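Student:
Protein chains in written order, with our numbering: chain A, 1 to 482; chain B, 1001 to 1482.
1) Which residue wins for smallest C-alpha separation from residue 1242 of chain B, given the options B:1197, B:1225 and B:1255?
2) Any C-beta of chain A within less than 8 Å: which residues of the region 1333–1359 of chain B qualify?
3) Quick one: what's got a C-beta closer than 7 Å to residue 1402 of chain B's C-beta in the same chain, skipping five residues either side?
4) What is the DSSP secondary structure of residue 310 of chain A, counted as helix, strand or coil?
5) List, from N- to C-terminal side, the alpha helix (DSSP H) runs of 4 residues or more that fit wholly inside the region 1365–1442 of chain B.
6) Going by the CB atoms, is the gap between residue 144 of chain A and residue 1119 of chain B shorter than 9 Å?
7) At which residue ranges does the region 1246–1277 of chain B contain complete beta strand (DSSP E) runs of 3 or more residues, listed in the order of the chain?
8) Is residue 479 of chain A helix, strand or coil by DSSP?
9) At the 9 Å Cβ level, is residue 103 of chain A part of the contact set with chain B, yes or no?
10) Output yes or no for whether 9 Å exceeds the beta carbon distance between residue 278 of chain A and residue 236 of chain A.
11) For the region 1207–1218 of chain B against the region 1447–1455 of chain B, are there 3 or more C-beta pairs whose distance is under 8 Å?
12) So, do the region 1311–1328 of chain B and the region 1164–1183 of chain B have three or more beta carbon pairs nearer to each other than 8 Å?
13) For residue 1164 of chain B, is the classification buried or exposed, using 16 other Cβ atoms within 10 angstroms of its Cβ as the cut-off for buried?
14) So, are the CB atoms of residue 1459 of chain B and residue 1426 of chain B less than 9 Å apart?
15) Measuring CA to CA, which of A:405, A:416, A:467 and A:438 is closest to residue 112 of chain A?
16) Determine the DSSP secondary structure at residue 67 of chain A, reduced to helix, strand or coil.
17) Once the 5 residues before and after residue 130 of chain A are set aside, which same chain residues still bring their CB inside 7 Å of it?
18) Are at least three pairs of beta-carbons, each pair with one atom in the region 362–376 of chain A and one in the region 329–347 of chain A, less than 8 Å apart?
19) For the region 157–171 of chain A against the region 185–193 of chain A, are there 3 or more C-beta pairs whose distance is under 8 Å?
20) Taking 8 Å as the threshold, find out whether the region 1051–1070 of chain B comes into contact with the region 1025–1035 of chain B through three or more Cβ pairs.
21) Determine the extent of the beta strand (DSSP E) in which residue 1325 of chain B is found, giving its start and end residues.
22) Which chain B residues sit within Cβ distance under 7 Å of residue 255 of chain A?
23) Please state if the CB of residue 301 of chain A and the CB of residue 249 of chain A are separated by a distance shorter than 9 Å.
24) I'd like to confirm the pairing. Which residues does DSSP put opposite residue 1356 of chain B in its beta bridges?
25) Check for me: the beta strand (DSSP E) holding residue 1451 of chain B runs from which residue to which?
26) Quick one: is residue 451 of chain A near chain B, going by C-beta distance under 9 Å?
27) Given this structure, state the Cα-to-Cα distance separating residue 1090 of chain B from residue 1212 of chain B, to the nearest angstrom.
28) CB-CB under 7 Å to residue 159 of chain A, same chain, minus the five flanking residues each way: which ones, in chain order?
29) Please say whether residue 364 of chain A and residue 209 of chain A have beta carbons closer to each other than 9 Å?
30) Is there a C-beta anywhere in chain A that falls below 9 Å from the one on residue 1135 of chain B?
31) When you compare the CB positions of residue 1050 of chain B and residue 1023 of chain B, do they come within less than 9 Å of one another, or not?
32) Ignore the nearest five residues each way along the sequence and tell me which others in residue 1152 of chain B's own chain have a CB closer than 8 Å to its CB.
33) Just mark residue 1351 of chain B as buried or exposed, buried being the case when its beta carbon has 16 or more other beta carbons within 10 Å.
34) Grouping DSSP H, G and I as helix and E and B as strand, with all else coil, what is residue 280 of chain A?
35) Pull up the CB-CB distance for residue 1016 of chain B and residue 1059 of chain B, whole angstroms please, since I reckon it's below 8 Å.
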């Protein structure tokens, strides 16, 4: 993918490295467009493109008539303390999540809570043509049971895509699933027995908590740092104290934080767990939606022992409705396949045939580039709208991928109350407590920018007003912050 | 459905009732075609059609120049003793079943072991046209997440079809699943906790055993009588002694026996379990494939307490590859829905949209009538071929629906050995021990007549030769039987 990135992206990346190395610290003015154009021997327009790219992603701020400035980081929500460690707890989030999921698809509601990309951004016409063609050309195959592990040509394409991202595994290591959700379930199911403890980074995608609850497991929280994901010191301590049966992490374009663990940290994560012989269940559901110019390698790329179970899907980038995901199972391949087979026989066949052809065509890379640029734009626009509409004391994540924003509301604003008020105002959001087995993040919400238009912009403004109203009627501390 | 049955089917049914009432006992000659035509005031051709219909289904035997005779029943395999009761046991069948399932789809093998109907008998062209049309007309809906419980118009159609068969439940009681297999899993999952005991009739469809094994449950065997299914005295004793958490039964067109419980017995089964407050998990995977003129009501029709969880699918009658099944959950609706949702989010959307339209069109009833007549013919032809090719001492089930034959081989012929020999000869069969949690039925096999052609006929002949060879090389008792 990196070879296909455009010139301005490469320039942006060079600048970004200089920022990250501290050459240009927070608050510092960057070289003028003209100066940088001369220095890097590229056109003015290329530099303008690069600065705009950095601006959209929250690295740089353009101040009228003054130039471009490095933005202070972290501006993200306060991380939960790295020292936080408590006993594993059973999980009981399902009722609230079920209600939230159901509301997310009510057509009259504006779905800021829905983890779904605007379908108009997806190549549905192309997928539909292939589906029709496959059904016409191979009717008997398309309506027969598929290979229990998944249609072999599809598994080959999945392995090829993963290799492009630096993770090398063969088609034989893959089992095709009903989305990443079933993949996570299967992964937990094969390595855990009821009542086992599983370590998760918090905030954690609520689907992981649903799986843990369904399987009767207990969760241990490991705090995620706001900049680079799971705190590894906390991980080490948890491993030592509780010997969890598995660790679940989303190291790339994290849901809900949007952050990506640096490659060196992913390597260290894989190394620690291999040393302790604890499986890592890697959720890469936002695979391909990185905002940076280079596709990040998953932690699976550093799996020396077959202990990383890599879960991903097409739900965020092609079609949620086809229900195709996969798991690269490492050493747990046989067990995953038999559990998948026994439960559902196999995934639906026709979507697998069609996807194999779609990937084979080679248009997927172009689609992904276009999609992630659009989503980066959505995230930028939503971030700006939030900054305009929400009261002082609100903190925003700065995603490096995906399309979620993690919003810390001023202290005292209860996100479950806000969820109810927003619902009455025709807007869905996801309240923070469903992202923690202990119901933390009371004053956080997740907002999703899978769609962006005047309607969503108004909804953000309405939400901001609701938060302000809650502050006025709420405790004194939040009013003071105004 | 019954109103649409043809005249000869209604005549056949009248004769069948007289046979069942003992008016014409086994071995008795039936009235001549001419006499019955006069008595019933229908044409000679109608009587000929009715007798042929009864002959195909094994009720009547035509003897050249002598007329039609009632066949002796039971000719089925010996039932296992009704007194048989032993402690619940953990189940471990998955390795063998997985191998069998994998071999079933190897193209060069003749799949007598595969529970799948010849795709040429399915309305695939029509389904494909609807799929393409749905994708074209509703691309965004077709690629979005479906309602977690299933697409509402599809659930309405499913409820309508069930009402036609006498089982009345609303769309709201239904959750759409990935085939009946996932439905069975969900049903077991919501009522059992690990290590709980579940009662199953034996022989039992191995998918049930897979689910029991996956969930870490234990199985108790209840023998099925060869003529009318689960022995209710044995059930009562098991309920009293072991208090199983649930009972799994397939009372209609049983897999592998092919038998159907009489309605009165289904009513009694539902009554016993309601009285004991034990849920009945009803597997109706062969729904619509009854050979008789009247569609049998499922046990769900007699569910007064919401304790029957009714599982069915389109896999045997329309398309296995679309992976659509359902469960009418009774009082367990909320729990089933949340477990389904948490595991896979929802079923694939497009197949649900297409099926709802296909059912709405109303061609399904015609298709089913045609399909079950063809399958009844297949079963008849396969039965005759087995009688021609297999040695004396072989006993055959007499199915009243579906497309499986349960074959008891002469004593001493080991079906696992036969499975291996057949595989080398290019034929798949399913050995008996996978139909029992205790590995019973060593000298039984299941053969499936979903396809029938000269190729399958040759395969039956080859199988018969293998069995004869095994007898010659085997114990003396089997040689004596020759």
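Glycine is no exception: its CB is placed at the ideal position from the N, C-alpha and C atoms.
Model, not experiment: these values are computed from the prediction.
Tutor: Per the coordinate set shown:
1) B:1197
2) 1337, 1338, 1339, 1341, 1342, 1343, 1344, 1345, 1346, 1347, 1348, 1349, 1350 and 1351
3) 1253, 1255, 1258, 1286 and 1289
4) strand
5) 1415–1424
6) yes
7) 1246–1249
8) Note that residue 479 of chain A scores a pLDDT of 33, beneath 50, so its modelled location is shaky; the value from the coordinates is reported in the next line. Helix.
9) no
10) no
11) no
12) yes
13) exposed
14) yes
15) A:405
16) strand
17) 354, 357 and 358
18) no
19) no
20) yes
21) 1325–1328
22) What residue 255 of chain A touches in chain B: nothing, since even the nearest Cβ is about 14 Å away.
23) no
24) The partner list for residue 1356 of chain B (beta bridge, DSSP) is empty, contrary to what the question assumes.
25) Neither: residue 1451 of chain B is in no beta strand (DSSP E) and is coded neither H nor E.
26) no
27) 8 Å
28) 169, 170, 171 and 174
29) no
30) yes
31) no
32) 1171
33) buried
34) strand
35) 6 Å
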